[in-house]
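S.K.:
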Amino acid sequence: MSEPYRPDGWPLASVPEFGPPRAGEFRATPEDFVVEEILGFAPEGHGEHLWLWIEKRGLTTLEVVRHLARACGVPARAVGYSGMKDRIAVTRQWLSVHLPGQQAPDDLVEQLAGCGVRVHQQVRHPRKLKRGVHRANRFSLRISGEVISDALEARWAWLCRHGVPNLFGPQRFGPGGRNLARARAVLARGWRKRDDREGMLLSTARSYLFNELAAMRLAEGNWSRLVPGDVAMLDGTASQFAVEVVDAELSERADRLDLHPSGVLWGVGDSLAAGQAEGYERAVAERHEALCHGLEQAGVKMARRALRLRLDQPRLEIEKSVARLDFHLPRGSFATAVLRELIEHPTLTLPAEG
1 MSEPYRPDGW PLASVPEFGP PRAGEFRATP EDFVVEEILG FAPEGHGEHL
51 WLWIEKRGLT TLEVVRHLAR ACGVPARAVG YSGMKDRIAV TRQWLSVHLP
101 GQQAPDDLVE QLAGCGVRVH QQVRHPRKLK RGVHRANRFS LRISGEVISD
151 ALEARWAWLC RHGVPNLFGP QRFGPGGRNL ARARAVLARG WRKRDDREGM
201 LLSTARSYLF NELAAMRLAE GNWSRLVPGD VAMLDGTASQ FAVEVVDAEL
251 SERADRLDLH PSGVLWGVGD SLAAGQAEGY ERAVAERHEA LCHGLEQAGV
301 KMARRALRLR LDQPRLEIEK SVARLDFHLP RGSFATAVLR ELIEHPTLTL
351 PAEG
């Protein structure tokens with residue numbers, strides 16, 4: 001088995017076909033990176049929780065949570081959200097606030113506007129908005145620089161046809177990879193909730209291990225196809241099944257992006273992988289024994305994640321020196337994983353090992 005790539009050199013799927021991408025710029029302004037949450041269901045119009053469809057610029061989701069809680073006079077835990085959205089971007093998403101038997105402040109919209117948050121809609125719902133319940137995110141991105149060429153169009157078409165490695169993006173690891181270093185330290189001494197209230201460091205460690213596994217598969221050229229013992233995931237769902245023999249039908253379904261090989265998100269439990277696929281997971285566990293042990297001791301439940309993502313409703317438009325990319329991704333997937341296949345940019349470099 002090939003040596004796994006270090007995280008400052010996790011490979012690109014498109015390099016064997018096209019070589020390294022050219023330099024490009026993105027997110028010069030928040031308007032260059034637009035994200036819209038696709039919930040997949042509608043609030044019911046009644047209940048103890050006020051749901052707000054908001055648009056933000058230059059703020060993290062957690063900063064908006066604090067602003068909303070302060071404006072409504074409730075603790076931050078009374079505010080719910082489904083996904084964490086980028087700070088340097090224009091992002092639209094739902095938030096909820098628990099207001100049983102009471103109305104929102106008359107000046108709530110004005111208060112939030114003063115913080116850089118625009119409220120587009122308010123509606124009631126019986127339940128709090130919980131993490132990870134939205135279906136997908138819609139992205140509209142602008143890129144520029146020497147990358148704008150026919151080669152960009154060819155690379156984009158290839159990604160639309162073959163899919164994109166479902167790597168966790170550099171933002172998961174923090175500036176300079178500091179979150180990964182913190183995760184190592186916390187897990188080495190024994191994880192405690194008071195040290196990691198939101199579970200961010202646990203998520204960072206699992207993301208790193210997943211990317212290491214994906215790097216092995218990328219290095220050996222089987223990141224997008226099934227190998228014996230794989231656990232296949234149906235596109236756009238959490239449905240999964242073990243693959244004992246990779247027959248022609250399964251290969252054809254993987255080729256048309258109907259299903260994908262998956263990798264383990266480390267924790268307590270059975271990964272379901274066997275054979276060659278289990279060998280990759282075992283190699284990661286052996287190389288990163290301390291991280292895996294720390295996650296198990298923290299009681300994190302083992303889960304799985306598709307190794308590949310399909311670009312849904314993709315569109316590329318090039319006008320002079322600017323390209324606009326539009327696409328949908330399932331929740332939990334990163335637009336930066338798509339961008340790093342298309343352009344070379346220092347902020348898309350994944351962090352050195354901490």
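If you read the sequence shown in UniProt numbering, its first letter stands for residue 1, the second for the next number, and so on. We treat Cβ as the ideally placed atom computed from N, Cα and C, and that holds for glycine.
Would you tell me roughly how many angstroms separate the C-alpha atoms of residue 214 and residue 223, rounded to the nearest one?
M.R.: When rounded, the distance between both Cα atoms is 7 angstroms.
S.K.: Using the three-state DSSP reduction, which class does residue 44 fall into: helix, strand or coil?
M.R.: If DSSP states are grouped into helix, strand and coil, residue 44 belongs with coil.
S.K.: Looking only at C-alpha atoms, which of 196, 38 and 201 sits nearest to residue 180?
M.R.: It is 201 whose Cα lies nearest to the Cα of residue 180.
S.K.: Buried or exposed, going by whether 16 or more other CB atoms sit within 10 Å of the CB of residue 93?
M.R.: The residue is buried, with at least 16 neighbouring Cβ atoms inside 10 Å.
S.K.: Should residue 282 be labelled buried (16 or more other beta-carbon atoms within 10 Å of its own) or exposed?
M.R.: Classification for residue 282: exposed.
S.K.: Determine, using beta-carbon pairs with one atom in the segment 34-52 and one in the segment 13-21, whether at least three such pairs fall under 8 angstroms.
M.R.: The answer is no - the segment 13-21 does not touch the segment 34-52, with fewer than three Cβ pairs under 8 angstroms.
S.K.: Is DSSP giving residue 29 helix, strand or coil here?
M.R.: Residue 29: coil per DSSP, three-state reduction.
S.K.: Assuming contact is defined by CB atoms lying nearer than 8 angstroms, are residue 187 and residue 259 in contact in what I supplied?
M.R.: No; because the gap between Cβ atoms is not below 8 angstroms, this pair is not in contact.
S.K.: Could you have a look at residue 257 and say whether DSSP puts it in helix, strand or coil?
M.R.: Coil at residue 257, not helix or strand.
S.K.: Considering residue 171, what are the terminal residues of the alpha helix (DSSP H) in which it resides?
M.R.: Note, residue 171: premise wrong, no alpha helix (DSSP H); not H, not E.
S.K.: Beta carbon of residue 147, beta carbon of residue 22: below 8 angstroms?
M.R.: Cβ distance < 8 angstroms, so residue 147 and residue 22 count as in contact.
S.K.: Would you kindly check if the distance between the Cβ of residue 89 and the Cβ of residue 164 is under 8 angstroms?
M.R.: For residue 164 and residue 89, no; Cβs fall outside 8 angstroms.
S.K.: Tell me which same chain residues have a C-beta within less than 7 angstroms of the C-beta of residue 67, skipping the five on either side of it?
M.R.: Here the set comprises 112, 115 and 117.
S.K.: Whole angstroms are fine: how far does the CA of residue 130 sit from the CA of residue 289?
M.R.: Cα to Cα, residue 289 sits roughly 32 angstroms from residue 130.
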